[in-house]
């Protein structure tokens, strides 16, 4: 397949169009602006609709509407904008509607910076909005993977009638890498017989009602139990991760996205020095690869979590490790990207203590 | 084979384009490549830089700290990134704009008067192409044909009229580097 150089943001947008996304509602924010820009050009070409809303709140509620009508729909933003969308995301989950939400993460809190960050991990994996809910969260590490996961996100969203988030740091959005755009094939998915597409008394079916209000507590509890079964199924079926040189590893690094790639280069350098380092890269941040981390921690002497944050995923790693071995953390934040040398030094420091 | 590169200069000097063309050429030659721009609140006249990795194997870090080659188009960039050249690596600098000399003595230095050479090639704005040529003269990583393929792809048919001057600029840049090897 022919490779083309694409910017992460543009590749995500094109992958979405190829996967049948026909509606995009958004509001500009760096470093994800190439996604709406690309969509504004591309969607009219395929009889879709692009709309720049007056705010993020408006955009996510347009997503809610299009999803309720059964369309493949996406929105994208960056950290502060995703915060604004949380209410809508919670409603979409409550109403059991599928959509894809892209967060190209920048430094926070507040308006923060426009530089790459991974400090929205808690928000993405713990719901972000109110209520008991979960979303499948994909964290690509390359532009090619961003393409593949974007397409998968639409399928998984439709399969479970639940939003899916693509969480990339600013580097993933801004960098260019060769991409082979896969020929998208839609898997067999449930019919969208729940979609509100217009009803008349002779249609022979019940009215489709899009709703997240269950005023009766017992009814809402049943709704939550039903949602939980869905999350259990997602956890069971949709886990993705990648490991590198884990078999003999004394030191196991856990990192995702761009940070995992930087850690990989540090790992290679340490291996050249005879240090037995392995790497676990969660591709889904929720569900989280707890089992493989637990297994690695039973033979590793040290775990090292590296993030572009003050330490968020490290909590999930500690929960998985259950005290089997020490868990160290190294993070840069505010838009600073850890370098290979920094991570290498962390590895060598741990090696000295073994 | 793996190349770790930093290309830096003023916004508007075409430094991001040099990086994209090197990455694109690497892709055309079947390599793995990555191109990572600085994307701060830069503007014309501000500073701009990008990191490029060209490799036979899967690329780990797209961020470059230890560069095999740094291309510096202006003085602040040279001062900022000279320290990032690995010992024995190369600094290619734009001697049309940079009157000082690099201070390191453990690296190879190639001075390219890219402005004068670009003028000679027929288009003052092709100074970045001269630097692209200098890289190629130094490394022999790419053929001129591959670079021109990459450039045509990037610029599109409307810029075809600039291609002869661009090619000339690349060729003169190659000569300039080769004379200093």
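Protein chains in written order, with my numbering: chain A, 81 to 434; chain B, 1080 to 1260. Beta carbons are placed, not taken as given, at the ideal position from N, Cα and C, and that holds for glycine. If you're wondering where the values come from, they're calculated on a predicted model, not measured in any experiment.
Classified as buried, residue 420/A has 16 or more neighbouring CB atoms from the shown chains inside 10 Å of its CB.
Residue environment: residue 85/A is assigned as buried (16 or more neighbouring CB atoms within 10 Å of its CB, all protein chains considered). Counted as a single uninterrupted DSSP element, the beta strand (DSSP E) harbouring residue 1088/B occupies residues 1081 to 1089. Counting along the chain, residue 116/A sits inside the alpha helix (DSSP H) bounded by residues 114 to 125. If you draw a straight line from the Cα of residue 291/A to the Cα of residue 175/A, it comes to about 5 Å.
When the five nearest sequence neighbours on each side are left out, the beta carbons in the same chain lying within less than 7 Å of the beta carbon of residue 103/A are those of 128, 129, 146, 151, 153, in order along the chain. Interface with chain B (8 Å Cβ-Cβ cutoff): residue 117/A is excluded. Cβ atoms of residue 111/A and residue 203/A stay farther apart than 8 Å, at about 17 Å. With at least 16 other beta carbons inside 10 angstroms of its own, residue 198/A counts as buried.
At least 8 Å separates the beta-carbon of residue 1083/B from that of residue 1151/B.
As for any beta strand (DSSP E) of minimum length 3 sitting wholly inside the segment 245 to 331 of chain A, the runs are 256 to 259, 321 to 324, ordered along the chain. For residue 1173/B, the enclosing beta strand (DSSP E) has its first and last residue at 1164 to 1173.
The beta-carbon distance between residue 1194/B and residue 1255/B, rounded to whole angstroms, is 12 Å. This is too long to meet the 8 Å contact definition. Neighbourhood of residue 220/A in chain B, by CB distance below 7 Å: empty, with the nearest CB roughly 13 Å away. The residue among 1207/B, 1129/B, 1182/B with its C-alpha nearest the C-alpha of residue 1250/B is 1207/B. Residue 216/A carries a strand assignment under DSSP once its states are collapsed to helix, strand and coil. Cβ contact annotation for residue 287/A (same chain, cutoff 7 Å, sequence separation greater than five): 279, in chain order. Comparing alpha-carbon positions, the option among 227/A, 249/A, 170/A, 180/A lying closest to residue 212/A turns out to be 170/A.
Flagged as an interface residue toward chain A: residue 1144/B, by a C-beta distance shorter than 8 Å. In the structure shown, the three-state DSSP call for residue 222/A is coil. Spatial neighbours of residue 224/A in its own chain (CB-CB distance under 6 Å, excluding positions within 5 residues in sequence) are listed in chain order as 259.
With respect to the C-alpha of residue 1131/B, the residue from 1105/B, 1232/B, 1247/B having the closest C-alpha is 1105/B. When Cβ-Cβ separations below 8 Å define contact, residue 245/A makes no contact with chain B. In the three-state reduction of the DSSP assignment, residue 1150/B falls in the strand class. C-alpha of residue 314/A to C-alpha of residue 397/A: approximately 20 Å in a straight line.
Counting along the chain, the unbroken alpha helix (DSSP H) around residue 144/A starts and ends at 136 to 148. Of all residues in the segment 1090 to 1107 of chain B, the ones placed with a Cβ closer than 8 Å to any Cβ belonging to chain A are 1099, 1102, 1103, 1106, in chain order.
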